[in-house]
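Residue numbers (the numbering used here): 27 to 241.
No residue lacks a Cβ here, since even glycine has one placed at the ideal position from N, Cα and C.
To start, the structure itself, in structure tokens.
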């Protein structure tokens, strides 16, 4: 198998959500002497991007994207240690997390993958994240965007409280806030003073680029 075949097959493995093959081919690509960023830019990212196009055409569904996101994550885990500082995260830095009281993570996993595929450095704080943790990490990391997720109506108002806390602590001026999750809407985003609402994982990438002025 030559280098071009490896790149083509790795892209296909990510697109088809094949975890084992994605990892195997990522290792093989490195063993063949391919540059880590070549592997990322010509295989791994194009795989998740093509999945996004299929999603938009209603040819891929929620479960397909979850599988793609996991294959993407596993391939990136192999490649990322080989990258030099600054090679990823060129579009901006994003902290994401599911708000306190909410343990759902599937949507966040998808957003993590698509944002990284869009060139963002992503710091995922996990699920059931407290206000204090969000604030602490924002002060420490100084991200461009805070992505808040909630997947239950009972936890929606926690987003409002986090934004109020950001404003109170003087952290809001240089920080964009994006919200997402099943119960969220653009109207709710405006009501709680968030900058944008990401309708789905792929819309989140477009909105993130829009608010930062990234192409």
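Item: Beta-carbon separation (whole angstroms), residue 170 vs residue 119, contact threshold 8 Å; Value: 5 Å
Item: Residues sharing a beta bridge with residue 147, DSSP; Value: 119
Item: Contact under 8 Å by Cβ, residue 174 with residue 164; Value: no
Item: Simplified DSSP assignment, three categories, for residue 205; Value: strand
Item: Alpha-carbon to alpha-carbon, residue 139 and residue 178; Value: 22 Å
Item: Residue 27 classed as buried or exposed, judged by whether at least 16 other C-beta atoms fall within 10 angstroms; Value: exposed
Item: From 55, 47, 121, residue whose alpha carbon lies closest to that of residue 94; Value: 47
Item: Residue 58 beta carbon less than 8 Å from that of residue 101; Value: no
Item: Inter-residue CB distance, residue 86 and residue 97 (contact presumed, cutoff 8 Å); Value: Contact flag wrong, Cβ pair sits at about 13 Å.
Item: Residue 123 burial status per 10 Å Cβ neighbour count (16 or more: buried); Value: buried
Item: Status (buried if at least 16 other CB within 10 Å, exposed otherwise) for residue 129; Value: exposed
Item: Entirely enclosed alpha helix (DSSP H) segments - the stretch 38-71, minimum 4 residues; Value: 45-57, 62-65
Item: Runs of alpha helix (DSSP H) wholly within the stretch 118-198 (minimum 4 residues, chain order); Value: 132-143, 157-167, 182-194
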